[in-house]
Amino acid sequence: MPIRRGPIPKTGGLMTFIGAPTGVIDELSPGMFGVFGVPYDVSSPDQIGPRVAPRAYRETSTYFQMMTARDATLVEINSRLTTDTNVVRNLVRDLGDLPVSHVDWDIMSSTLRNTAHDIASRGATPVALGGDHFITYPLVQGCLQALRESGEGSVGYIQFSSRLDLGARDPVWGDVWRGATARRLLDSETVCPENMVFIGANGYVPLEQWQMAERLPSTVITAEQVRTRGIPDVISEALHRASHNCSAVFVGIDIDVMDGGYVAMTGTPRFDGLRNVDLFEAMPLLARGPVGGISLCGLNPLIETMSLVKTGQRCGVEMLIRFIDEKIRLAGSYK
Amino acid sequence: MSDQARQLEDIGASTFLGSPHVALDKVERGMVVIGGAPHDSTHTSRFGTRMGPRGIRDGSLPLAQRIRDSGPDGILDLASGDRLTLPDSNRLVDVGDYNVYPSDVMKSTEGIAGGVEEVVKRGGFSVCLGGDHYVGYPSCLGYTRAVTELSPRPKIGYIHIDGHLDFRDDTPVWGKYNHGTNARRISELDLVSPSNMVWIGIQGWSDEEPVSAIDSNNGLIFTAADVLRIGPEEVARQAGERASAGCDFIYMSVDIDFIDTGFFPATGSVVNDAITPDIMAAILRILSGYPIGAMDFVEVSPRIDPSGRSMIMSTDLLLAHVAPRIFNITPSP
């Protein structure tokens, strides 16, 4: 209940994702989106900071509070598709931040698995605001568990990252390491290699990881190939391969897949990456496939003066909105 | 000017490009006249654009230094190969900042409009530095008041370069006069022709009503995606043709959040549209060939960009449009 009724400035009020109502998992039902923060960044070997990204996403998402304003119709200016804000408001819940353990991965991974499982079990879509990319590994496990319990099949995985994250273990960080996200999904047999798609790798990657990717029946589409082929073709292939013999696909996005000129707030900026508008174009296309969960990771709002600028968090918020909006449209919820 | 001021960019009065600071009554026909509108009380999110005029002026001083150093040879535009030299009689002046009143929007409106009106009546080309984008309305208002002395019943086109339409009629908190309604208020001005209004660079979502209103006015919208697909030069040409069709003059309003914030960080409203500064410069350069009689350049918020690059960039962007009015230009051989 707001302290006062009536209009408030968009910078005012309780800070939730796009101003959506707060809620708990038990309130979720099929077609809904459970947005939750994972302020965890201990698996990152470089600068600490992604732990404050969920808060940064929410703060910046105040620009998009019109998405959950009451009784408004919005127009996406390129497509001229309309969005009924009452429907969005009914279908999105901000579940708050998970209880994070920075010192005990067993507890952390269990929390992540259970959260993804509980949301997916209710037919809703888990949307995780990371946090390190490594949180994606237990989230995919949780989704798979929910699928199996409901008698459905396997889960595919599409990863947007400037790297492959196929490392075995880090000499310092050991097994709990951001660079091993995809490797853990393979080693634990959470995702079959043929259902794993890597999009956006660029620059230098460790030879051992590259050779592994070539050896496996996985699909690697580099940033250069995205530029050559175009997003629609790339996403079409990615969905086809990731969903083959699978009931659902999890999308893991490391924000460093974008060129550092567009999003500098990451510990691993690259300058041969994708454009922000490439990701905006990709999200509704992904929403048209069987995507059952999504994680947005790797943003470090504390880095550089760019933390004032908020390009990364705004970009991430817009990506998620474009995904959610299209999902709702396809479900026929906009009358 | 002291000898030191001739040598060092950080000494002396901070005027745009080190131009003479003059009173309004010293403005002469053909001059480009810089006037600041340090107003941001109608910005709906992150304040700070009140520092815009000062920031843009400071950011122009490194180039002013290079121009002074270049002497009679002038400076070379490496993109075009053109040589720019200063004319014998100065064509650029800075009148300082117009009167603004943070607690009284209408009083600020009249303060800015009155200054621009005076500049235009004297034959100057007004460049109003914001400030949040609301200042585009009083700047255009002053322009329309002045041009009635230049033409009996002029018709004015409008070009709006921005990441946003700014065409809401009203907002629940800020009312009818803020940086999201400025273009709507301009469309209601007597001399402005709504069907000659053109938007360049719009991205993201808008309320439905403003889009419908522009469509029913037969206005023209180029989205940021259109600019990337069609190309900045062609978009600028089509925009110039539409805005000038049947019109005597064009007013141009430039919000720097047309540019992707990754490349121009100093602004309150963050935009991710992959529009780079060179795209904006190309558009502004092409539009200098159309009958634009006054402009504003708004939403620069210097404190958000401690690196200062956005303010330095602002000079390049402004010169992309006004250089032909300030310099003698010798085309590339």
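Chains F and R, in that order, are what the protein sequence lines are. So in our numbering, spot 277 of the first sequence is number 283, and the numbers just go up one at a time. So in our numbering, spot 134 of the second sequence is number 237, and the numbers just go up one at a time. We put the CB at the ideal spot given by N, CA and C, even for glycine.
Cα-Cα separation between residue i and residue j, rounded to whole angstroms
| i | j | result |
| --- | --- | --- |
| Tyr237(R) | Asn281(R) | 5 Å |
| Thr117(F) | Pro105(F) | 8 Å |
| Gly139(R) | Thr118(R) | 10 Å |
| Ser50(F) | Asp77(F) | 42 Å |
| Ser115(F) | Phe140(F) | 10 Å |
| Val425(R) | Val403(R) | 18 Å |
| Glu344(R) | Val257(F) | 45 Å |
| Arg248(R) | Ser85(F) | 38 Å |
| Pro409(R) | Val315(F) | 10 Å |
| Ser242(F) | Leu291(F) | 8 Å |
| Ser105(R) | Val196(R) | Because Ser105(R) carries a pLDDT of 44, less than 50, the predicted location of this residue cannot be relied on, and the following value inherits that uncertainty. Distance between the alpha carbons of Ser105(R) and Val196(R) is about 19 Å. |
| Pro123(R) | Ala167(R) | 12 Å |
| Gly226(R) | Pro427(R) | 16 Å |
| Met416(R) | Ile303(R) | 20 Å |
| Leu308(F) | Leu245(F) | 34 Å |
| Ala316(R) | Gly260(R) | 17 Å |
| Met289(F) | Phe329(F) | 5 Å |
Beta-carbon proximity list for residue i, same chain, < 6 Å, skipping 5 on both sides
| i | result |
| --- | --- |
| Ser160(F) | Cys252 |
| Met7(F) | Its pLDDT being 44, under 50, Met7(F) is placed unreliably by the model, and the measurement read from it follows with that caveat. Cβ neighbours of Met7(F) beyond the five flanking positions: none. |
| Gly129(F) | Pro36 |
| Pro434(R) | Asp185 |
| Thr317(F) | Val269 |
| Ile362(R) | Ile378, Pro380 and Met383 |
| Thr284(R) | Arg271 |
| Pro205(R) | Ser144 |
| His123(F) | Gly148, Gln151 and Ala152 |
| Gly304(F) | His139, Asp260, Ile261, Asp262 and Thr272 |
| Lys333(F) | Ala293 |
| Asp360(R) | Gly266, Thr370, Ser372, Val374 and Glu402 |
| Pro190(R) | Asn431 |
N-terminal and C-terminal residue of the alpha helix (DSSP H) that residue i is part of
| i | result |
| --- | --- |
| Ala130(F) | Per DSSP, Ala130(F) belongs to no alpha helix (DSSP H) and is neither H nor E. |
| Leu101(F) | From DSSP, Leu101(F) is part of no alpha helix (DSSP H) but of the beta strand (DSSP E) over Val98 to Asp103. |
| Tyr240(R) | Gly239 to Val250 |
| Leu120(R) | No alpha helix (DSSP H) holds Leu120(R); DSSP gives it neither H nor E. |
| Trp216(F) | Leu213 to Arg221 |
| Gly209(F) | Premise fails: Gly209(F) is in no alpha helix (DSSP H) and is neither H nor E. |
| Ile386(R) | Pro380 to Leu390 |
| Arg186(R) | That residue, Arg186(R), is in no alpha helix (DSSP H); its beta strand (DSSP E) goes Arg186 to Thr188. |
| Asp310(R) | Run containing Asp310(R): none in the alpha helix (DSSP H); it sits in the beta strand (DSSP E), Trp308 to Asp310. |
Residue i - DSSP class collapsed to helix/strand/coil
| i | result |
| --- | --- |
| Asp181(F) | coil |
| Trp111(F) | helix |
| Asp324(R) | Note on identity: in this sequence residue 324(R) is Ile, with Asp being the wrong assignment. Of the three classes helix, strand and coil, the one that applies to Ile324(R) here is strand, per DSSP. |
| His246(F) | helix |
| Met38(F) | coil |
| Cys350(R) | coil |
| His139(F) | helix |
| Leu305(F) | coil |
| Phe430(R) | coil |
| Gly258(F) | strand |
| Asp363(R) | coil |
| Pro8(F) | For Pro8(F), the predicted model reports a pLDDT of 49, less than 50, meaning its position is unreliable; a value from the coordinates is still stated below. Of the three classes helix, strand and coil, the one that applies to Pro8(F) here is coil, per DSSP. |
| Glu402(R) | coil |
| Phe204(F) | strand |
Contacting residues, own chain, Cβ-Cβ under 8 Å from residue i (five flanking each side not counted)
| i | result |
| --- | --- |
| Ala219(F) | Leu170, Leu172, Phe204 and Val226 |
| Val182(F) | Val48, Ser49, Trp111 and Phe140 |
| Leu273(R) | Per the sequence shown, the amino acid found at residue 273(R) is Asp instead of Leu. Within the same chain, Asp273(R) has close Cβ partners Lys279 and Thr284. |
| Ile305(R) | Asp265, Gly266, His267, Leu268, Ile324, Phe325, Thr326 and Ala327 |
For residue i, the first and last residue of its enclosing beta strand (DSSP E)
| i | result |
| --- | --- |
| Cys198(F) | Cys198(F) -> no beta strand (DSSP E), and no H or E assigned at all. |
| Gln165(F) | Ser160 to Phe166 |
| Ile98(R) | Beyond the ends of chain R as shown, which are 104 and 436, falls residue 98(R); an answer cannot be given. |
| Ala59(F) | From DSSP, Ala59(F) is part of no beta strand (DSSP E) but of the alpha helix (DSSP H) over Ala59 to Thr66. |
| Val170(R) | Rather than Val, the amino acid found at residue 170(R) in this sequence is Ile. Counting along the chain, Ile170(R) falls outside any beta strand (DSSP E), though it belongs to the alpha helix (DSSP H) covering Gly155 to Ser173. |
| Gly140(R) | First, the amino acid is wrong: residue 140(R) is Ala here, not Gly. Ala140(R) -> beta strand (DSSP E) spans Val135 to Ala140. |
| Gly199(R) | Leu195 to Asp200 |
| Gly233(R) | Phe228 to Gly233 |
Contacting residues, own chain, Cβ-Cβ under 7 Å from residue i (five flanking each side not counted)
| i | result |
| --- | --- |
| Ile429(R) | Val135, Arg194 and Leu195 |
| Ile327(F) | Ile24, Phe70 and Met73 |
Problem set entry | Residues from the segment 308-337 of chain R in contact with chain F, defined by Cβ distance under 9 Å | Trp308, Ser309, Asp310, Glu311, Glu312, Pro313, Val314, Ser315, Ile324, Thr326, Ala327, Ala328, Asp329 and Leu331
Problem set entry | Contact set between the segment 350-364 of chain R and chain F, restricted to residues whose Cβ is under 9 Å from the partner | Asp363 and Thr364
For this session: Using a Cβ-Cβ cut-off of less than 9 Å, give me the residues of the segment 390-407 of chain R that come near chain B, in sequence order.
Result: No chain B is present in this structure, whose protein chains are F and R.
Problem set entry | Residues of the segment 282-309 of chain F with Cβ closer than 7 Å to any Cβ of chain R, in chain order | Asn282 and Val283
Problem set entry | Selection of the segment 74-92 of chain F by Cβ proximity to chain R, strictly under 8 Å | Ala78, Thr79, Leu80, Val81, Glu82, Ile83, Asn84, Arg86, Thr88 and Thr89
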